[in-house]
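>
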């Protein structure tokens, strides 16, 4: 199943550890086609998610979603959102205000067919 392979691949590659007592940024970085995810939150509560990429890609849109560990289902956090340009990068920010279980993956995809980074933010 595609979701199982996404869970296994992301868990093996990325680890993000948010603080359980303070709101601090937890970041995933790497060569994911230039897309990065920044996550702010406490314990199992996501307060803010930012997807960003470098380069002048006109008309790029991002969509965030969560793959739930307990049911292996996908939940979209937003529709496609147009990235805003800030110098050499463009980004989109979400505030989902939703609780998720340990092992759930937060992922971002681009309409420009970049790689889809995922963060196991409660590992």
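In our numbering, the protein residues as written are 116 to 238.
Even for Gly, the Cβ is constructed at its ideal location relative to N, Cα and C.
From a predicted model like this one, the values you see are computed outputs, not experimental measurements.
#1: I'd like to check one pair, residue 152 with residue 166: are the Cβ atoms closer than 8 Å?
#2: What is the DSSP secondary structure of residue 140, reduced to helix, strand or coil?
#3: Start and end of the beta strand (DSSP E) containing residue 224?
#4: Any idea what DSSP makes of residue 195, helix, strand or coil?
#5: Report the three-state DSSP secondary structure of residue 234 (helix, strand or coil).
#6: How big is the Cα-Cα spacing for residue 173 and residue 207?
#7: Ordered along the chain, which non-local residues of its own chain (more than five positions away) have a Cβ less than 6 Å from that of residue 164?
Reading it off the structure:
#1: yes
#2: At residue 140 the pLDDT is 37, less than 50, meaning the model places this residue with poor confidence and gives no usable figure here.
#3: 220-225
#4: coil
#5: strand
#6: 14 Å
#7: 154, 179 and 209
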